[in-house]
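Just below is one structure, and these are the notes that go with it.
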Amino acid sequence: MAITLPKVSPLHDLLPPRPGHPLPASGSPPHSHGHFFSLEGPPPGVPLHAQQDLRAASSLGPCPPPSPGSWGLNEEERLIRHLFEEKAYNKELRPAAHKESVEISLALTLSNLISLKEVEETLTTNVWIEQGWTDSRLQWDAEDFGNISVLRLPADMVWLPEIVLENNNDGSFQISYSCNVLIYPSGSVYWLPPAIFRSSCPISVTYFPFDWQNCSLKFSSLKYTTKEITLSLKQAEEDGRSYPVEWIIIDPEGFTENGEWEIVHRPARVNVDPSVPLDSPNRQDVTFYLIIRRKPLFYVINILVPCVLISFMINLVFYLPADCGEKTSMAISVLLAQSVFLLLISKRLPATSMAIPLIGKFLLFGMVLVTMVVVICVIVLNIHFRTPSTHVLSEPVKKLFLETLPEILHMSRPAEDGPSPGTLIRRSSSLGYISKAEEYFSLKSRSDLMFEKQSERHGLARRLTTARRPPAGSEQAQQELFSELKPAVDGANFIVNHMKDQNNYNEEKDCWNRVARTVDRLCLFVVTPIMVVGTAWIFLQGAYNQPPPQPFPGDPFSYLEKDKRFI
510 MAITLPKVSP LHDLLPPRPG HPLPASGSPP HSHGHFFSLE GPPPGVPLHA QQDLRAASSL
570 GPCPPPSPGS WGLNEEERLI RHLFEEKAYN KELRPAAHKE SVEISLALTL SNLISLKEVE
630 ETLTTNVWIE QGWTDSRLQW DAEDFGNISV LRLPADMVWL PEIVLENNND GSFQISYSCN
690 VLIYPSGSVY WLPPAIFRSS CPISVTYFPF DWQNCSLKFS SLKYTTKEIT LSLKQAEEDG
750 RSYPVEWIII DPEGFTENGE WEIVHRPARV NVDPSVPLDS PNRQDVTFYL IIRRKPLFYV
810 INILVPCVLI SFMINLVFYL PADCGEKTSM AISVLLAQSV FLLLISKRLP ATSMAIPLIG
870 KFLLFGMVLV TMVVVICVIV LNIHFRTPST HVLSEPVKKL FLETLPEILH MSRPAEDGPS
930 PGTLIRRSSS LGYISKAEEY FSLKSRSDLM FEKQSERHGL ARRLTTARRP PAGSEQAQQE
990 LFSELKPAVD GANFIVNHMK DQNNYNEEKD CWNRVARTVD RLCLFVVTPI MVVGTAWIFL
1050 QGAYNQPPPQ PFPGDPFSYL EKDKRFI
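Okay, so the sequence shown: first residue is 510 according to my numbering, each after it adds one.
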């Protein structure tokens, strides 16, 4: 099938008349009459604003004849006429034969790694995307045109390979700012447009905040197939030898460091999928990889350290006495603080169910441990406030929690001191007084005891006669003494028994308190090592999570400037 080209107006009709070059007479061919362009309109490739200016100029009629002594066309304008008029350049056609492929070389210069938004999984970069190809229709002999070595034209005047960012995350495939292209006499076309790309970057949250990410910028042509264009990396020369630029170029003077991410590897590759047919645009692409590692200092200071300190405060619960009533309140306060930190972390990470972040594991571990501590606090309070009237302290429990465990846990209680010598003297003297009282009561009758002092007061004291009272050791005397002392003895026995019961009650209640303290100390010795070991085990995983030494597994090449692979 023959390709019908659009009818193109000559380029000199687009240019204003120059002094010294009179306008053609009327009746001349369409390409030589006095209007800027023919009725058929300007040729394709002229910018829209230029077309509007040309139409406005054409409405004014033919231009007046030039004044004597004016200048002619410069060499660059002649070159443009030569390339776009005489050769009838059409930017819609590929610069190659029907069955030939145009080779497009790509390179990427990174100016700034702006940000990586974990929630949106978007990498924002400021780059220069370098594209080069050969257009044989744009060749010229530099000697014929004043030794012009380079021609700068708007990008929309020439053929473009339509290379786009395939994995963009904002729906913008094209480059927003279209700068000039550079054309060389050999037909080489060089285009270096700047761009701010927002590419998708799948986030792995497993080791957050000690993580590293593998992001990429995938460029391909959605307009041309592999049969029509061939993508390759830019070729550079050094000491007369050429090598492919297999890395992202970073200019130390123009690059701005990112405060959160550090670039570890930045390789570039041409990927060809043999399973995709040749007539598909998805068969080939050029991918620039950014393997970046997070700088965790911000998260360590603002989230990690406060979270660890608050979690370790749960151990202080076991030091609180049960009588203060704040053990459970303190444990629940720690649990609420951990919930707040977990909420803060969830707002920084994407809502994914593929992995749990490292700090999330620690918070969940701490929350489970704090929940267990709350349960332990309830049990300890229940044991502490037990009484002999509600619970019986069995001998095995008493032996385990009052003898065995306190010795293992190095729990000491104040020793019970023996009676002092003064107390013994007072007790012996009291016994002597009691024996004398018994002897005195055995000699005097009750009535004599009652009226002895009254008789002495009135001078009626009488002498004791042993004939009128029974013998001291007789049964009758003992019976009289027993009947007189029985109420006092019964009262004393009641008081003694009551005090003994009260002492037993208080002693058993104190045993329950000691059991509660033993449980508290036991849980302290159990929870603290679990907290320390669990925390170290979780965060050591992040410490050993390092990016691979090489960008691609199994490929020993480093993809750095110092390790060039010359062709």
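Cβ atoms here follow ideal geometry from the backbone N, Cα and C, with glycine treated the same way.
For residue j and residue i, believed in contact at Cβ under 8 Å, the rounded distance
{"i": "PRO905", "j": "GLU1017", "result": "At roughly 15 Å, the Cβ-Cβ gap does not stay under 8 Å, so PRO905 and GLU1017 are not in contact."}
{"i": "SER1080", "j": "LYS743", "result": "Here the chain covers residues 510 to 1076 and nothing more, so residue 1080 does not appear."}
{"i": "LEU818", "j": "THR735", "result": "Actually they do not touch by this definition, with Cβ atoms about 59 Å apart."}
{"i": "SER708", "j": "LEU674", "result": "6 Å"}
{"i": "LEU914", "j": "THR1027", "result": "5 Å"}
{"i": "GLU584", "j": "PHE654", "result": "5 Å"}
{"i": "SER645", "j": "GLY696", "result": "5 Å"}
{"i": "LEU851", "j": "LEU872", "result": "5 Å"}
Host alpha helix (DSSP H) of residue i (start-end)
{"i": "ILE885", "result": "867 to 893"}
{"i": "THR735", "result": "Run containing THR735: none; DSSP gives neither H nor E here."}
{"i": "THR913", "result": "Per DSSP, THR913 belongs to no alpha helix (DSSP H) and is neither H nor E."}
{"i": "ARG590", "result": "584 to 590"}
{"i": "PRO905", "result": "904 to 908"}
Residues bridged to residue i [DSSP beta-bridge criterion]
{"i": "ILE758", "result": "THR618"}
{"i": "PRO753", "result": "GLN744"}
{"i": "GLY641", "result": "SER614, TYR699"}
{"i": "ILE705", "result": "ASN635"}
{"i": "CYS724", "result": "LEU799"}
{"i": "THR765", "result": "ASN621"}
{"i": "ALA777", "result": "PHE797"}
{"i": "LEU829", "result": "Beta-bridge pairing links LEU829 to no other residue."}
{"i": "ILE672", "result": "SER730"}
{"i": "LYS662", "result": "Residue 662 is actually Leu in this sequence, not Lys. DSSP lists VAL690 as partners of LEU662."}
{"i": "LYS626", "result": "THR631"}
{"i": "ASN1090", "result": "This structure cannot speak to residue 1090, because the chain is shown only from 510 to 1076."}
Distance CB(residue i)-CB(residue j) smaller than 8 Å
{"i": "TRP721", "j": "ILE801", "result": "yes"}
{"i": "LYS1073", "j": "TYR733", "result": "no"}
{"i": "ASP794", "j": "PHE728", "result": "yes"}
{"i": "ARG895", "j": "GLU627", "result": "no"}
{"i": "ASN689", "j": "LEU647", "result": "no"}
{"i": "MET1008", "j": "LEU878", "result": "no"}
{"i": "ARG1030", "j": "LEU918", "result": "yes"}
{"i": "TRP649", "j": "LYS600", "result": "no"}
{"i": "PRO1081", "j": "VAL773", "result": "The structure shown has nothing for residue 1081, since the chain only spans 510 to 1076."}
{"i": "SER658", "j": "PRO694", "result": "yes"}
{"i": "VAL1036", "j": "ASN891", "result": "no"}
{"i": "VAL826", "j": "ALA840", "result": "yes"}
{"i": "GLU716", "j": "LEU867", "result": "Checking the sequence shown, residue 716 turns out to be Tyr, not Glu. Yes, they are a contact pair."}
{"i": "THR631", "j": "LEU622", "result": "no"}
{"i": "ALA616", "j": "ILE738", "result": "no"}
{"i": "PHE719", "j": "ASN1022", "result": "no"}
{"i": "LEU691", "j": "LEU588", "result": "no"}
{"i": "SER730", "j": "GLU652", "result": "no"}
{"i": "MET822", "j": "LEU844", "result": "no"}
{"i": "SER713", "j": "THR796", "result": "no"}
{"i": "ILE812", "j": "LEU853", "result": "yes"}
{"i": "PRO1060", "j": "PRO790", "result": "no"}
{"i": "CYS1020", "j": "LYS907", "result": "yes"}
{"i": "PHE874", "j": "ILE1076", "result": "no"}
{"i": "ALA831", "j": "ALA1025", "result": "yes"}
Any chain B beta carbon closer than 8 Å to residue i
{"i": "GLU762", "result": "Among the chains of the structure shown, chain B does not appear; only one protein chain is present."}
Continuous beta strand (DSSP E) stretch holding residue i: start and end
{"i": "ILE772", "result": "770 to 774"}
{"i": "VAL690", "result": "690 to 692"}
{"i": "ILE841", "result": "Premise fails: ILE841 lies in the alpha helix (DSSP H), 836 to 855, not in any beta strand (DSSP E)."}
{"i": "LEU818", "result": "From DSSP, LEU818 is part of no beta strand (DSSP E) but of the alpha helix (DSSP H) over 814 to 821."}
Could you tell me whether the stretch 878 to 895 touches the stretch 835 to 844, where touching means 3 or more Cβ pairs closer than 8 Å? yes
So, does the stretch 671 to 685 touch the stretch 762 to 781, judging by three or more C-beta pairs under 8 Å? no
Pair every Cβ in the stretch 768 to 781 with every Cβ in the stretch 639 to 646, then say whether three or more of these pairs are closer than 8 Å. no
Using 8 Å as the Cβ pair cut-off and three pairs as the minimum, do the stretch 1059 to 1068 and the stretch 854 to 874 touch? no
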